Amino acid sequence: MNSKKRFIVETKCGKIRGYKSRNGVISFKGIPYAEPPIKEFRWQPPLPIKEWEDVLDAKDFGPIAPQPVVNFNPSVKSPEQSESGCLTLNIWTPALDDKERTVMVWIHGGAFEMGSGRYMSEILAKRGDVVIVSLNYRLGALGFLYVPGKTANVGLLDQVLALKWVKNNINNFGGDENNICIFGESAGGESISALLAMPLAKGLFKRAIIQSNVCDPYNLKPLEGEIYSKKVFENVGVEYDDLDALRKVPAEILIKAYTKAQKGLSILASFIEYYPPYVDGEILPQNPNEAIGKGFAKDIEILAGTNENEQKLWNLWDLQADKITEEQVNQNFHNFLKYLGQSEPTIEEFIEVYKNNRINEFSTRERDMLDEFYTDVMFRIPVLRFLEIQSKLQPNVYYYLFRWKSPLLNGKLGAYHGVDVSFVWGTLSETEEQFVTKRTEETTIISNQMMDCWVNFAKTGNPNHEGILHWPKYNLINRPTMIFDKITEVKSDPLSETRKIWNNVI
7 MNSKKRFIVE
17 TKCGKIRGYK
27 SRNGVISFKG
37 IPYAEPPIKE
47 FRWQPPLPIK
57 EWEDVLDAKD
67 FGPIAPQPVV
77 NFNPSVKSPE
87 QSESGCLTLN
97 IWTPALDDKE
107 RTVMVWIHGG
117 AFEMGSGRYM
127 SEILAKRGDV
137 VIVSLNYRLG
147 ALGFLYVPGK
157 TANVGLLDQV
167 LALKWVKNNI
177 NNFGGDENNI
187 CIFGESAGGE
197 SISALLAMPL
207 AKGLFKRAII
217 QSNVCDPYNL
227 KPLEGEIYSK
237 KVFENVGVEY
247 DDLDALRKVP
257 AEILIKAYTK
267 AQKGLSILAS
277 FIEYYPPYVD
287 GEILPQNPNE
297 AIGKGFAKDI
307 EILAGTNENE
317 QKLWNLWDLQ
327 ADKITEEQVN
337 QNFHNFLKYL
347 GQSEPTIEEF
357 IEVYKNNRIN
367 EFSTRERDML
377 DEFYTDVMFR
387 IPVLRFLEIQ
397 SKLQPNVYYY
407 LFRWKSPLLN
417 GKLGAYHGVD
427 VSFVWGTLSE
437 TEEQFVTKRT
447 EETTIISNQM
457 MDCWVNFAKT
467 GNPNHEGILH
477 WPKYNLINRP
487 TMIFDKITEV
497 KSDPLSETRK
507 IWNNVI
C-alpha cells in the first residue's frame, strides 16, 4: 500500500487511520472491537472496547485467535496468535463519503478451531462498490467451552459484538448501517444459522449468505459438549467446572488439551466440529431449525448452497482413501446411520441408492460413494432443510450448487470443501499454488458471476444480473438450483434421489 495515502475516520471509539490500496480501495485493519478476553474475562461475554485517545493506525491485520498451527505452505510464516489481542475486525471501503453503500460482513470458517478474518477483500469491495468487513472471534475451547450455567458460546457473542460495532460505526466508512448482509463459509455458515436464531443478534443484519454449512441438528447436543469439555478439564488436571483454575492455564496448553480430547469420543469424530455452538437455552435458546420454523428470522432473505464434493477435501488426510473396499464403505453406512437411529432395511436402502448414483455418475471408485454420502449428511441435506423451512416463511430464498471441479491431484478432489471461497472473493491466483485456484478464462468467468450474484443479493435480496441466466427463488415444487460450473445454468432438483432418501432421517 502507498503509505503516503492515509485516511482518518472518526468512530465512537476514537480516530482510525486507513490506507489506500493499489485498486483505490481504502482498508482499515486490526480494529479492536472488544476488550482483551483474558484472565477473569476468559469465557465471559466480550466487553465493548473502551475509547482510545490517539489515532489508531490500521495498516496491518491484528493477531489471530489462539489455534492449532496448520500451515499448507511452509514458505509463508504463520500469523501471530494472541488471546489478548485477537478480537479485531477489518474494513475495506471504495470511498469515505456519504453514499451509504451496502455492507457485507464476512464470518470465517475453520471448524470453530482455526481461521481468521485475514481475507484480501479489495477486489470484491471494488467490483461491487460495497463495504466489506471481516472479523476474528474466539475459537476452540476459548470460544466454545460448554459448562452448563457457567459458560457457553462466547465465540458467538464475539460475533454479535462485532456486528454491533459495525452497526454503530459503519456509516463513517461510506456504509449503510441499515443494509448489512452477513456471509460466511463452513463454520462461518454455521455461525450465521446460529445468529439467525439468537435474540441477541436480532436487528443487526438484513440478509444472509451461507456457503457450505449450517448448524447440523446432531452437532448441537449440549450433552456431547459437556462430555467433551470434561475431557479438556481432565487433560490439564483441573477439576471439572472450576473455571477459575482453568483460567490460569496458558492458551497453548488448552489447545493441546482439546486436541487430545478429540480422540475416541464419537462415531462422528472425523466429521463434526468438537466446538460447535451448543443449544444452551440462553445465548442459543433452541435449535436454529426450530427457531426458523417458528418464524424467528422470517424477515431475513437468504442465499445458500453447497459444493458437490465437500467431503473429498478430507481425503487429503486419509492415506487409505483410494484403497477402501466395498465392505468398508458399507460398514461406514451402517455405523453412521445406526448412530442416527435407522433400521437395517433403511440402511440397505441407503446403500442401494448411493451405489446406483455412483454408477450413474460413471464412477469406479468405492470411495466416491462414501464421499457423496458424507457430503450429503454433513453439508447438502442440512442446508436444504434449512432453506426448505425458511422458504415457507420468506419468499426471497435462493439455492446454488457449486460443481466446478478443481484440477488438483488430477481432479480427485472435485468441487471440494472450500474451493468456492476464492471464486467469491475474486482472489484467483496468477500462478499454480497449492489449494489456490489458478486464474483462467473459465475460472474468471465463474468468479465474476458469483461475485456479482453475491453483491446483488447483498444489495437487493435478488442475486440476478446480466451475466447469468435467470435464477428463480427456491421452492418445494421444482426446487430451482443455480449450478456454478463451466456452464452456469439452473436445474430443477439436482441429485434428487439422494435428497429424497433423507426425508425421514434429517
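The opening residue of the sequence shown carries number 7 in the numbering used here; numbering runs sequentially from there. Positions of the beta carbon are idealized from the N, C-alpha and C atoms, including for glycine. All values reported here derive from a predicted model rather than from experimental measurement.
Around the beta-carbon of V511, fewer than 16 other beta-carbon atoms lie within 10 Å, marking it exposed. The Cβ atoms of I186 and I176 sit closer than 9 Å to each other. Distance check between C92 and each of L151, G36 and R371 places G36 closest, using alpha-carbon atoms only. The Cβ atoms of L201 and L162 sit closer than 9 Å to each other. Distance from the CA of E128 to the CA of D426, rounded to the nearest whole angstrom, comes to 18 Å. The Cβ atoms of M120 and L145 lie closer than 9 Å to each other. DSSP places I138 in no alpha helix (DSSP H) but in the uninterrupted beta strand (DSSP E) bounded by V137 to L141. V220 sits close to I198, with the two beta carbons spaced by under 9 Å. In the three-state reduction of the DSSP assignment, V425 falls in the coil class, being assigned neither a helical nor a strand state.
A residue is called buried once 16 or more other Cβ atoms fall within 10 Å of its Cβ, and Y246, having fewer, is exposed.
In the three-state reduction of the DSSP assignment, T450 falls in the helix class, which pools H, G and I. In the DSSP annotation of this structure, the continuous segment of the alpha helix (DSSP H) that includes Y264 starts and ends at A257 to K266. Assignment of beta strand (DSSP E) within the stretch 77-162, counting only whole runs of 3 or more residues, yields 94-99, 107-113 and 137-141 in chain order.
Between I32 and Y25, the beta carbon gap of about 7 Å places them in contact (Cβ cut-off 8 Å). In the three-state reduction of the DSSP assignment, Y404 falls in the strand class.
Going by DSSP, P294 is part of no beta strand (DSSP E) but of the alpha helix (DSSP H) stretching over P294 to G299.
As DSSP reads the structure, F13 sits in a beta bridge with G24.
Comparing alpha-carbon positions, the option among T450, S397 and P69 lying closest to G301 turns out to be S397. Cβ-Cβ distances below 8 Å link D248 to F239 in the same chain, with the five nearest sequence neighbours on each side left out; the list follows chain order.
Assigned with DSSP and collapsed to three states, Q334 falls in helix. In the displayed model, L309 falls within a strand according to three-state DSSP.
A residue is called buried when at least 16 other Cβ atoms come within 10 angstroms of its Cβ; G287 does not meet this threshold and is exposed. Look at A40 here: in three-state DSSP terms it is strand. In the three-state DSSP reduction, I176 falls in the helix class (H, G or I). According to the DSSP assignment, N184 belongs to the beta strand (DSSP E) that extends over G181 to E191.
The count of Cβ pairs closer than 8 Å, one atom from the stretch 39-49 and one from the stretch 86-102, reaches three, so the stretches are in contact. Taken through DSSP and simplified to helix, strand or coil, S498 comes out as strand. Distance from the CA atom of I289 to the CA atom of W98, rounded to whole angstroms, is 30 Å.
Scanning I395, P469 and D164 for the CA closest to the CA of A297 turns up I395. Between L53 and G180, the beta carbon gap of about 28 Å keeps them out of contact (Cβ cut-off 8 Å).
Between the stretch 262-270 and the stretch 201-213 there are fewer than three C-beta pairs closer than 8 Å, too few to call the two in contact.
Contact between G155 and L141 does not hold, since the beta-carbon distance rounds to 28 Å and is not under 8 Å. When the five nearest sequence neighbours on each side are left out, no beta carbon in the same chain lies closer than 6 Å to the beta carbon of K329. Assignment of beta-bridge partners to S33 by DSSP yields Y25 and W98. Measuring C-alpha to C-alpha distances from A193 to each of L399, I308 and H423 identifies H423 as the nearest. The alpha-carbon separation between I452 and F490 amounts to approximately 7 Å.
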